[in-house]
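K.L.:
Numbering (full-length UniProt numbering), first residue to last: 1 to 309.
#1: With DSSP run on the structure shown, which of helix, strand or coil describes residue 38?
#2: Indicate whether the contact test is met: 3 or more Cβ pairs, each with one atom in the region 76–95 and one in the region 113–123, closer than 8 Å.
#3: Return the first residue and the last residue of the beta strand (DSSP E) that residue 181 is part of.
#4: For residue 137, does the three-state DSSP call read helix, strand or coil?
#5: Please report how far the alpha carbon of residue 72 lies from the alpha carbon of residue 140, in whole angstroms.
#6: Note down the Cα distance separating residue 167 from residue 191, rounded to an integer number of angstroms.
#7: How would you label residue 104, buried or exposed, when you count the other beta carbons within 10 angstroms and need 16 or more for buried?
#8: Which stretch, first to last residue, makes up the alpha helix (DSSP H) that contains residue 171?
#9: For the beta strand (DSSP E) that residue 91 lies in, which residues bound it at each end?
#10: Give me the Cα-Cα distance between residue 50 and residue 25, rounded to the nearest whole angstrom.
#11: Roughly how many angstroms separate the alpha carbons of residue 281 and residue 197, rounded to a whole number?
#12: Do the region 179–190 and the region 201–218 meet, that is, are 3 or more Cβ pairs less than 8 Å apart?
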């Protein structure tokens with residue numbers, strides 16, 4: 001943050017603390033109210049999901065593999081891939097709170113001309129789950145993508161990413177300039193543009209990021225009533241799909257399976273905690289790769305104005 005005056009840096013830190021206290025308290029209070037309203041038996045209800053849903057194992061989506069990355073104490077990555085290794089690599093990176101299955105339609109379409117690979121990010125589903133918040137720093141997550149490309153036998157790829165995956169994707173060419181042939185971003189601004197265009201309106205949309213700094217409570221809320229929050233996230237406003245027919249109950253089960261794996265809720269929320277506690281403001285520079293940005297104008301988390309930032 002060398003380019004930011006020191007007094008501005010101080011104000012930003014104070015603002016973070018105040019908003020975390022406010023939204024942390026509000027989120028905690030709401031979680032407790034939900035517990036009282038539903039009662040303990042319903043609130044703490046869990047369904048064991050020992051095996052992936054049949055929907056996720058449909059061979060039309062390709063073959064599932066585990067791959068050990070160079071950062072051996074970290075991610076063994078759950079992948080789904082189609083096509084053959086002699087085709088160019090197209091790598092898909094999901095957002096929060098999702099998994100590889102987000103890209104099922106795109107994988108089917110692009111497998112005609114590319115080797116398509118979608119994977120579960122560090123901490124999600126069957127991928128490895130480091131215990132420390134610092135292990136979810138943005139540079140470490142970008143390193144997983146670089147290791148995955150190499151592990152698949154490629155020197156570069158077309159990178160397609162959404163939401164949290166897209167934030168990571170912006171950073172990859174900053175750290176690995178020769179790794180990305182083309183970058184396709186869905187609904188995520190460049191990190192520097194996000195900071196420079198931050199508004200009160202956007203802060204209100206991003207309230208959950210401050211709540212996620214609270215220990216335990218966000219995980220408790222996500223897991224309550226057998227992950228009932230997922231239907232709200234994917235199928236209702238302001239975050240859900242416009243056409244809810246594109247998210248069936250079977251589809252929801254795939255995402256619930258991912259989040260029901262031990263350690264996944266904390267690992268996924270640790271992305272936000274690491275983003276606050278271990279910022280990398282040096283990773284806001286320009287990149288020198290072709291970029292296509294696709295922006296859904298009714299995104300409930302990020303304002304349309306960020307697309308032009």
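Beta carbons are placed, not taken as given, at the ideal position from N, Cα and C, and that holds for glycine.
P.N.:
On the basis of the coordinates in this document:
#1: As a position in the chain shown, residue 38 is number 38, starting the count at 1. The DSSP-derived three-state label of residue 38 is helix.
#2: Segment contact: the region 76–95 against the region 113–123, three or more CB-CB distances shorter than 8 Å; contact assigned.
#3: As a working mapping, residue 181 is identified with position 181 in the chain shown. Residue 181 -> beta strand (DSSP E) spans 180–186.
#4: Here residue 137 is taken as the residue at index 137 of the chain shown, counted from 1. The answer is coil: DSSP assigns residue 137 none of H, G, I, E or B.
#5: The sequence position of residue 72 within the chain shown is 72, counting from 1. The sequence position of residue 140 within the chain shown is 140, counting from 1. Legend: pLDDT at residue 72 = 45, less than 50; position of this residue unreliable, no value from coordinates given.
#6: Indexing the chain shown from 1 puts residue 167 at position 167. Indexing the chain shown from 1 puts residue 191 at position 191. Distance between the alpha carbons of residue 167 and residue 191 is about 7 Å.
#7: Counted from its first residue, the chain shown places residue 104 at position 104. With 16 or more other Cβ atoms within 10 Å, it is buried.
#8: What you label residue 171 is simply residue 171 of the chain shown in a count that begins at 1. Boundaries of the alpha helix (DSSP H) around residue 171: 164–175.
#9: On the chain shown, residue 91 is found 91 positions in, with the first residue counted as 1. Unbroken beta strand (DSSP E) run through residue 91: 89–93.
#10: In the chain shown, residue 50 corresponds to position 50, counting from 1. In the chain shown, residue 25 corresponds to position 25, counting from 1. Cα to Cα, the separation comes out at about 34 Å.
#11: Translated into the one-based positions of the chain shown, residue 281 becomes position 281. Translated into the one-based positions of the chain shown, residue 197 becomes position 197. When rounded, the distance between both Cα atoms is 15 Å.
#12: The region 179–190 vs the region 201–218: no contact.
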